Amino acid sequence: MDRRTFLSTIAAAGAAAASGVHSEAESRPQSASASSPKVPAGAPNVLIFMPDQQNGATVLPHHPVIKPNLDKFRKEATTFTAAHCPAPHCCPSRASFLSGLYPSEHGIFNNVTTDTAIHPDPYPGTPFWGNWLRDAGYATGYAGKLHVGRDIKPEDCGFENLSHLEQDSLRSNEARKAAQWKRSREEKSEPSHREDGEILRPMWTNSQLYKTLPDEKFETLNDVKIVNAGVEGIKRFAAGDKPWCLMVSNSGAHDPYNAPKRFVDMYDPKKIELPPSFGDMLDDKPRIYQRQRFQYWSQLSDDETREAIRHYYAQCTMQDELFGRLLSALEATGQAENTIVLYVSDHGDYMASHGLWFKGVPAFQEAYHIPTIIRWPKGTKNVGREVSAFVDQVDFASTVLEACGVQPRAKLSGRSLMPFLRDEAPSDWRHATCSQMNGVELYYTQRIVMTKDWKYVYNGFDCDEMYDLKNDPHEMHNLTFPDLAQKREQVKSGKGLPRDASVPWPPLPGKLETVRRDLLTEMWDFAAAHRDTIFNPYGTVAMAPYGPGLGNVFGTEMK
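Its first residue numbered 1, the sequence shown is counted upward by one per residue in my numbering.
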């Protein structure tokens with residue numbers, strides 16, 4: 001395919017993606033079809049437990065989070081240590097989990113509760129694999145947080161609503177907007193005293209990062225109610241004659257880090273260690289990273305930071321206890337042997353790495369790395385293993401469908417993890433993982449390519465980032481920053497670009513320019529394969545050091 005043909009093809013596909021319009025051939029049905037294949041005999045049950053915003057490292061054996069249920073579970077399961085989400089916040093990642101597609105394919109990039117969301121709901125016709133399971137004969141249930149679209153309910157995703165966590169902010173209407181403005185415009189006094197763990201925000205509502213809750217309120221917490229609904233669902237399904245799929249989705253360990261006292265008391269704040277990257281002053285990183293740290297998080301003392309980490313750990317321990325309730329229900333009903341249990345989160349949390357909290361625009365590993373542990377006694381070999389291959393959130397759809405013997409009715413972007421569960425690692429598995437970020441409430445174009453040794457972050461509105469992960473695993477030293485410094489000197493000289501210079505100029509030293517070129521080739525190939533519209537050649541937005549004409553991209557058809 002020549003360059004002109006490619007650009008017209010990708011532009012047309014990108015326009016279709018941006019508008020949510022797909023050709024008839026690309027239409028992805030959500031609802032049942034009369035000829036849906038039926039589930040094979042002996043098909044497994046599926047239990048998915050998804051705590052919110054849990055850092056992927058917290059489930060691993062070396063981590064200080066106390067997790068007795070996960071420690072036992074991990075020995076009976078397969079742990080994927082390099083699983084990542086496609087975007088580090090709830091809505092796009094959850095939409096990818098339930099559809100098997102990347103954000104550029106399902107249309108959810110932002111927080112759908114805001115009126116500035118690029119798309120408040122997935123593209124029309126976006127598939128949800130829960131529908132295919134239900135149509136094949138599975139009983140399905142959903143308990144907890146969904147957060148996939150403004151008007152999307154569990155039933156739209158193929159699940160019976162057992163205990164959906166309603167969110168008033170999802171209702172998009174003039175009354176809601178008026179109430180939101182009224183709350184935000186109410187007169188607020190200037191703060192005169194800062195409480196422990198409080199972030200002062202003049203003329204905004206102050207933010208309380210953590211709080212210790214009384215133990216007697218434990219059973220009244222939403223997460224406990226959600227898990228209890230899941231336990232009742234397991235019991236009800238056990239009395240039926242169908243295989244079943246149940247998803248239990250909690251709001252913890254999402255901020256604010258509020259946890260009952262008995263969980264907080266498990267951790268001694270004096271023994272809490274600050275992350276290795278905590279001392280990063282972010283001088284060579286994008287300015288928005290610096291603004292987040294120094295406008296907000298620098299208000300916290302080191303002791304307050306340790307308390308925040310302590311409360312986050314406590315939240316994770318609480319999720320472990322609730323997970324144990326679900327596992328006990330499986331055992332008590334005699335269903336554990338033929339039930340696939342997946343422990344996963346939608347995204348991670350920075351947890352004070354680089355002095356940051358929550359998730360969002362900064363592209364560091366802690367927000368993208370998600371816990372992924374799968375147990376299926378009847379269908380896996382050599383349990384207790386750790387798998388270091390890259391796993392993307394889009395892989396779970398293909399995994400569940402293959403395990404259940406249900407064929408997908410549309411093209412999915414992920415691959416099944418079943419070969420790894422059978423201890424038969426594919427030789428052609430992906431060597432890199434790619435992520436797509438367009439901001440949460442504020443727009444911010446960011447694309448990430450990561451291999452085992454290198455990571456490149458294309459920041460559409462700031463300096464790019466490149467890290468040598470082998471020698472700099474905590475992402476402290478941005479290797480593209482010297483490039484920016486030399487360009488400043490070029491401007492000061494007034495001489496412009498030398499006539500015989502190669503572009504990009506000046507190149508990164510040694511092999512780094514080749515590495516950058518290879519990583520950007522990967523980025524553009526991924527963009528072409530998944531209808532990602534970041535290729536506009538106009539001078540004010542074509543900021544990537546190399547454009548889409550790089551490398552293999554012209555041999556790649558839009559899918």
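For each residue, glycine too, the CB sits at the ideal point set by N, CA and C.
All figures in this text were calculated on a predicted structure; none of them were measured in a lab.
Segment limits, alpha helix (DSSP H) that includes residue i
| i | result |
| --- | --- |
| proline 419 | 418-421 |
| serine 99 | 90-99 |
| leucine 326 | 302-332 |
| cysteine 404 | 395-404 |
| arginine 134 | 129-135 |
| serine 104 | 103-106 |
| threonine 79 | Where threonine 79 is concerned, there is no enclosing alpha helix (DSSP H), although the beta strand (DSSP E) it sits in stretches over 78-84. |
| asparagine 228 | 222-238 |
| leucine 70 | 68-75 |
| alanine 367 | 365-368 |
| valine 264 | 261-264 |
Residue i versus the options, residue with shortest Cα-Cα distance
| i | options | result |
| --- | --- | --- |
| isoleucine 506 | Glu489, Ala397, Thr521 and Tyr210 | Note that residue 506 is proline in the sequence shown, not isoleucine. Per the Cα distances, Glu489. |
| lysine 381 | Val341, Glu321, Glu424 and Met543 | Glu424 |
| aspartate 79 | Ile373, Phe358, Lys242 and His354 | Rather than aspartate, the amino acid found at residue 79 in this sequence is threonine. Of the listed residues, the one whose Cα sits closest to threonine 79 is Ile373. |
| glutamate 216 | Asn536, Asp349, Phe263 and Gly107 | Phe263 |
| cysteine 245 | Cys90, Tyr343 and Thr140 | Thr140 |
| threonine 399 | Glu386, Ser388, Arg385 and Gly379 | Gly379 |
| lysine 565 | Cys463, Arg293, Leu508 and His431 | Examination of residue 565 is not possible in this model, given that the chain is present from 1 through 559 alone. |
| aspartate 223 | Gln315, Thr58, His530 and Lys72 | Gln315 |
| proline 377 | Ile226, Arg409, Thr205 and Glu331 | Glu331 |
| leucine 232 | Ser163, Gln299 and Lys495 | Note on residue identity: the sequence assigns glutamate, not leucine, to residue 232. Checked all of Ser163, Gln299 and Lys495; the closest Cα to glutamate 232 is Ser163. |
| histidine 369 | Asn338, Arg385, Met450 and Phe526 | Met450 |
| serine 448 | Gly494, Cys434 and Gln335 | Reading off the sequence, residue 448 comes out as isoleucine, not serine. Ranking Gly494, Cys434 and Gln335 by Cα distance to isoleucine 448 puts Cys434 first. |
Endpoints, the beta strand (DSSP E) within which residue i is located
| i | result |
| --- | --- |
| isoleucine 374 | 372-375 |
| arginine 447 | 443-450 |
| threonine 514 | Where threonine 514 is concerned, there is no enclosing beta strand (DSSP E), although the alpha helix (DSSP H) it sits in stretches over 512-529. |
| glutamine 292 | Where glutamine 292 is concerned, there is no enclosing beta strand (DSSP E), although the alpha helix (DSSP H) it sits in stretches over 287-295. |
| glutamine 436 | 433-439 |
| asparagine 111 | Note, asparagine 111: premise wrong, no beta strand (DSSP E); not H, not E. |
Beta-carbon proximity of residue i to residue j, cut-off 9 Å
| i | j | result |
| --- | --- | --- |
| proline 122 | glycine 107 | yes |
| lysine 561 | valine 383 | Residue 561 lies beyond the residue range present for the chain, which begins at 1 and ends at 559; the question has no answer from this structure. |
| methionine 437 | tryptophan 454 | no |
| arginine 412 | valine 394 | The question names arginine, yet the displayed sequence has leucine at residue 412. Closer than 9 Å, so yes. |
| alanine 136 | lysine 72 | no |
| isoleucine 272 | tyrosine 313 | yes |
| proline 371 | asparagine 161 | no |
| valine 361 | glutamine 446 | yes |
| phenylalanine 159 | methionine 50 | no |
| alanine 82 | valine 387 | yes |
| leucine 479 | aspartate 468 | yes |
Close-in-space but distant-in-sequence residues of the same chain around residue i (CB under 7 Å, 5 per side omitted)
| i | result |
| --- | --- |
| alanine 542 | Asn536 |
| phenylalanine 364 | Tyr350, Ser353, His354 and Glu475 |
| leucine 520 | Tyr456, Ala544, Pro545, Tyr546 and Leu550 |
Cβ-based neighbour list, residue i, same chain, cut-off 6 Å, excluding 5 preceding and 5 following
| i | result |
| --- | --- |
| serine 8 | Note that serine 8 has pLDDT 42, beneath the 50 cutoff, so the model's placement of it is unreliable and the number below is only indicative. If we look at serine 8 and ignore the five residues flanking it on each side, it has no Cβ neighbours. |
| cysteine 565 | With the chain covering 1 to 559 only, the question about residue 565 has no answer from this structure. |
| isoleucine 118 | Phe109 and Asn110 |
| leucine 342 | Ile48 and Ile374 |
| histidine 63 | Ala57 |
Residues of its chain near residue i, where Cβ-Cβ distance is below 8 Å and the 5 sequence neighbours each way are ignored
| i | result |
| --- | --- |
| glycine 324 | Pro68 and Asn69 |
| proline 256 | Ser207, Gln208, Leu209, Tyr210 and Lys211 |
| alanine 238 | Thr333, Gly334 and Gln335 |
Rounded Cβ spacing between residue i and residue j (contact assumed at less than 8 Å)
| i | j | result |
| --- | --- | --- |
| aspartate 52 | aspartate 346 | 6 Å |
| proline 243 | asparagine 459 | So it is not a contact: roughly 46 Å between Cβ atoms. |
| proline 88 | alanine 308 | Their Cβ separation, rounded to whole angstroms, is 18 Å, which puts proline 88 and alanine 308 out of contact at 8 Å. |
| methionine 318 | proline 408 | No, methionine 318 and proline 408 are not in contact; Cβ-Cβ is about 36 Å, not under 8 Å. |
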